[in-house]
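Q:
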Ligand code: CTP
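Numbering (our numbering), first residue to last: 3 to 252.
1. Give me the Cα-Cα distance between residue 234 and residue 213, rounded to the nearest whole angstrom.
2. May I ask you to list the residues that DSSP assigns as paired with residue 132?
3. Rounded to whole angstroms, what's the CA-CA distance from residue 120 to residue 164? Just pull it up for me.
4. In or out: residue 159 buried (at least 16 other Cβ within 10 Å) or exposed?
5. What are the start and end residues of the beta strand (DSSP E) that includes residue 224?
6. Which same chain residues, not among the five before or five after residue 183, have their C-beta less than 7 Å away from its C-beta?
7. Buried or exposed, going by whether 16 or more other CB atoms sit within 10 Å of the CB of residue 176?
8. Residue 52: beta carbon under 8 Å from a heavy atom of the ligand CTP?
9. Under the rule that 16 or more other beta-carbon atoms within 10 Å means buried, what is residue 222, buried or exposed?
10. For residue 224, which residues of its own chain have a beta-carbon under 8 Å away from its beta-carbon, when the five flanking residues on both sides are left out?
11. Tell me, to the nearest whole angstrom, how far the beta carbon of residue 1 is from that of residue 107; I am working on the premise that it is less than 8 Å.
12. Are the CB atoms of residue 118 and residue 95 within a distance shorter than 9 Å?
13. Give the range of the beta strand (DSSP E) segment to which residue 234 is assigned.
14. Give the secondary structure of residue 208 by DSSP, where H, G and I count as helix, E and B as strand, and everything else as coil.
15. Within 10 angstroms of the Cβ of residue 189, are there 16 or more other Cβ atoms? Answer buried if so, exposed if not.
16. What do you get for residue 104, buried or exposed, if any count of 16 or more other CB atoms within 10 angstroms of its CB means buried?
17. Does the distance between the C-beta of residue 163 and the nearest non-hydrogen atom of the ligand CTP fall short of 8 Å?
18. By Cβ distance, which residues of its chain are closer than 7 Å to residue 136, with the 5 residues on each side in sequence left out?
19. Would you please state the rounded distance, in angstroms, between the beta carbons of residue 250 and residue 48? I believe it to be under 8 Å.
20. Count the other CB atoms within 10 Å of the CB of residue 153; is the residue buried (16 or more) or exposed (fewer)?
21. Measuring CA to CA, which of 149, 236, 53 is closest to residue 219?
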């Protein structure tokens, strides 16, 4: 394990797994020693599945496509959910963050690994919160050996990844709730509402690219039956606590 508690060979196996099309998923538990004081526990305990971080799509054993997600929002949600007394499983792409104590943590490096972990865990949860920034595309072919430079231009052929949240929207049971995030640089609310409807979400949380890796941001929230709500310049910790409250009330 490295200092973040991630198994050392996770990234290597992710690359190999992507190459062979059958990603293995490893699982570990964080130390649950700081258990939640009983008076802070909610009566309605939910099993909340949270995804976090930006996935990586490997071109070769050492290079990958990814995004600027820090994982802060997903980790803040996991901490807030634990503090509220819920059970948390955190499926996490690589981040520089320490996994919250008490969460069941499943590392997933690629979008395929994140999909497989979510598909396994989803039937057991009451709520899925997809805070991860999942790559929309991956290389059509990953090279087994390090790509050499030739001096010529290089064209990458990409193919779409699976939309995990859309999959969950098609498979959710009546008792399950789905929360999605939307990162939009134009027409934030309109585009986010389209995503909420297309992916059958119970709550969408929308923000602008300025929110990436920031500690505070402005976020917009919508459920199918209520108007938009905006929280201006809130910290991710505060927003996370409020989102978890909303989720418990859905
Ligand atoms: N998402 C997902 N699987 C993907 C892409 C996105 O589960 N392959 C989820 C994200 O975790 C997020 C929601 O879908 O909760 C919206 O992600 P976003 O990147 O804003 O939108 P996309 O649906 O990918 O559409 P676009 O990038 O074109 O805006």
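Every residue gets a Cβ at the ideal spot worked out from N, C-alpha and C, and that includes glycine.
A: Short version:
1. Cα-Cα distance, rounded: 12 Å.
2. DSSP, once it has assigned bridges, lists 53, 182 as partnering residue 132.
3. Answer to the nearest angstrom: the Cα atoms are 12 Å apart.
4. The Cβ neighbour count for residue 159, taken over all protein chains shown within 10 Å, is under 16; the residue is labelled exposed.
5. 218–224 is the extent of the beta strand (DSSP E) around residue 224.
6. The answer, listed in chain order, is 132, 133, 207.
7. Residue 176 should be labelled exposed.
8. No, the ligand CTP has no heavy atom inside 8 Å of this Cβ.
9. Buried is the call here.
10. 191, 194, 195, 198, 205, 206, 208, 230, 231.
11. Any property of residue 1 remains undetermined from this structure, which presents the chain solely from 3 to 252.
12. In this structure, residue 95 lies away from residue 118, with their beta-carbon atoms at least 9 Å apart.
13. Note, residue 234: beta strand (DSSP E), 231–237.
14. The answer is strand: DSSP assigns residue 208 an E or B state.
15. By the neighbour-count rule (16 or more Cβ atoms within 10 Å), residue 189 is not buried but exposed.
16. It counts as buried.
17. Residue 163 Cβ: within cutoff of the ligand CTP.
18. Within the same chain, residue 136 has close Cβ partners 57, 113, 116, 163, 166.
19. Cβ atoms of residue 250 and residue 48 come within 8 Å of each other, at about 6 Å.
20. Its Cβ having fewer than 16 others within 10 Å, residue 153 is exposed.
21. Ranking 149, 236, 53 by Cα distance to residue 219 puts 236 first.
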